[in-house]
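Here's the structure we're looking at; comments come further down.
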Ligand code: SF4
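In the working numbering, the protein residues as written are 7 to 450.
Right, dumping it as structure tokens:
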């Protein structure tokens, strides 16, 4: 893994979708032809709605506005400075900055922090960096642990919490050491998580740190807790101490890159709105052949294209390995914390396989429009589900299960004559990493 270097751009097109968060799209604050500078408000959260402000990360001219996005043609030279925020209090600055959950959820952070916690409440930083390949959160902690600690202290102050926890996987030994050296606040402790997927799931973190297993419809507030992603915590520090709006994003760019070396690259402070294609260029360029481009991590990422913009929730860009040719008939086993049914269907189609059966992990329960796991990462047994897919005529199974459940699938599917494919295979093959299969052979 190496730190990537961003080259300064000549004139480029940057795109800013009006909805990069959970809630209502932001309302436009600029018009076509307007000149804008870095840190200028492009679109704002309307009163009485859940949402987030959106700022320009570049200087340039608004070239186009549609129902869904604002497009800016950048100036040839870009400054690092930005227009500062105007508010004074921490919560108002976090809201004004447009900060949302940067781990992929996109929930507006001010809404998470707007109510004080009970006296025994705790703010937990999710520093699990749970998705394989992604490394930008841990790299940021290793570089500047004090920023994360300061961001956590601000969040604790906002919700009047007396306790803070930094939850981080035990494998990140250097980051843990750096945090321990920087930590002088006795109210904050570090909790080490096992190296399993999905330890970064919100309720898994609460279970591992507080010993409380919340129901699938429960919110962290029921455990008197608030969980905030690691980069979000750092951006809170920037908003409050530096009056910086959310305009930059840390990310990992990986996979089938030219030259076949440095397959995982870390970028810090990438201006939001830059194109996916440009980021791969800055990482050395795409290899001549690859299977697909993924935005996000190997488990939960979605297929993207070179024209798509980097948005607030973009943590990873991965050029996956070319698809293996699948069997004629394949069965899908869907996890609540991994690729969903539609994503598995997309992968199966790319493998040239026909889906003959779909099963869901029995711990995956529908909640609103998605699935939630009853007890994330603790396998309830998958043999029945694999048998059902075999009965449906599948010659192989394509799964998105957590580490523990993938291990269980491996204990039965091969014996039934079924080849096992995992939704993460293309991404992991592209960086020569071990595949998610049996736990003792897997390093997610
Ligand atoms: S137990 Fe099932 S639903 Fe839960 S994380 Fe594992 S595979 Fe996914």
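Even glycine gets a Cβ: it sits at the ideal position worked out from N, Cα and C. Owing to the predicted nature of the structure, the values given are computational and were not obtained by experimental measurement.
Reduced DSSP secondary structure (H/G/I, E/B, other) of residue i
| i | result |
| --- | --- |
| residue 33 | strand |
| residue 426 | strand |
| residue 56 | coil |
| residue 155 | helix |
| residue 292 | strand |
| residue 167 | coil |
| residue 175 | strand |
| residue 431 | helix |
| residue 450 | For residue 450, the predicted model reports a pLDDT of 40, less than 50, meaning its position is unreliable; a value from the coordinates is still stated below. If DSSP states are grouped into helix, strand and coil, residue 450 belongs with coil. |
| residue 329 | coil |
| residue 335 | strand |
| residue 451 | This structure leaves residue 451 out entirely; the chain is present only between 7 and 450. |
| residue 368 | coil |
| residue 322 | strand |
| residue 70 | strand |
| residue 360 | strand |
| residue 21 | strand |
| residue 397 | helix |
| residue 282 | helix |
| residue 417 | helix |
| residue 195 | strand |
Residue from the options whose Cα sits closest to the Cα of residue i
| i | options | result |
| --- | --- | --- |
| residue 46 | 291, 371, 253, 259 | 253 |
| residue 39 | 66, 401, 225 | 66 |
| residue 63 | 362, 317, 443 | 317 |
| residue 192 | 438, 171, 319 | 171 |
| residue 276 | 148, 428, 59, 84 | 84 |
| residue 140 | 261, 413, 395, 415 | 261 |
| residue 393 | 408, 381, 367, 372 | 367 |
| residue 422 | 402, 407, 434 | 402 |
| residue 152 | 180, 173, 185 | 185 |
| residue 126 | 373, 165, 156, 109 | 165 |
| residue 389 | 415, 398, 51, 399 | 415 |
| residue 437 | 258, 27, 405 | 258 |
| residue 387 | 419, 217, 322, 249 | 419 |
| residue 235 | 155, 190, 311 | 155 |
Contact test: residue i Cβ vs the ligand SF4 heavy atom, cutoff 7 Å
| i | result |
| --- | --- |
| residue 209 | no |
| residue 384 | yes |
| residue 419 | no |
| residue 126 | no |
| residue 342 | yes |
| residue 370 | yes |
| residue 201 | no |
| residue 410 | yes |
| residue 407 | yes |
| residue 304 | no |
| residue 136 | no |
| residue 312 | no |
| residue 367 | yes |
Own chain, CB closer than 8 Å to residue i, minus 5 neighbours either side, in chain order
| i | result |
| --- | --- |
| residue 71 | 34, 36, 37, 38, 77 |
| residue 410 | 202, 383, 384, 385, 445 |
| residue 263 | 269, 271, 286, 289, 290, 291, 292, 293, 325 |
| residue 224 | 209 |
Beta-carbon spacing of residue i, residue j below 8 Å
| i | j | result |
| --- | --- | --- |
| residue 143 | residue 208 | no |
| residue 289 | residue 309 | no |
| residue 119 | residue 102 | no |
| residue 326 | residue 432 | yes |
| residue 86 | residue 134 | no |
| residue 359 | residue 297 | no |
| residue 330 | residue 429 | no |
| residue 75 | residue 23 | yes |
| residue 57 | residue 114 | yes |
| residue 241 | residue 105 | yes |
| residue 32 | residue 60 | yes |
| residue 108 | residue 306 | no |
| residue 21 | residue 88 | no |
Nonlocal neighbours in the same chain, by C-beta distance under 6 Å from residue i, ignoring five residues either side
| i | result |
| --- | --- |
| residue 342 | 370, 377, 378, 379 |
| residue 69 | 77, 79 |
| residue 449 | In this predicted model, residue 449 has a pLDDT of only 44, less than 50, meaning its place in the structure is not dependable; the value taken from the coordinates is given anyway. So the qualifying residues of the chain are 440. |
| residue 219 | 213 |
| residue 145 | 272 |
| residue 96 | 160, 164, 246 |
| residue 425 | 402 |
| residue 181 | 144, 147, 148 |
| residue 162 | 129, 170 |
Neighbourhood of residue i by C-beta, 7 Å cutoff - its chain only, sequence neighbours within 5 removed
| i | result |
| --- | --- |
| residue 347 | 338, 340, 364 |
| residue 215 | 130, 171, 173, 197 |
| residue 398 | 337, 362, 363 |
| residue 93 | 99, 102 |
| residue 50 | 32, 33, 35, 59 |
Any chain D beta carbon closer than 8 Å to residue i
| i | result |
| --- | --- |
| residue 341 | Within the model displayed, chain D is absent; a lone protein chain is all it includes. |
Closer than 7 Å: residue i CB and nearest the ligand NAD heavy atom
| i | result |
| --- | --- |
| residue 240 | The ligand NAD is not part of the structure shown, which contains the ligand SF4 as its ligands. |
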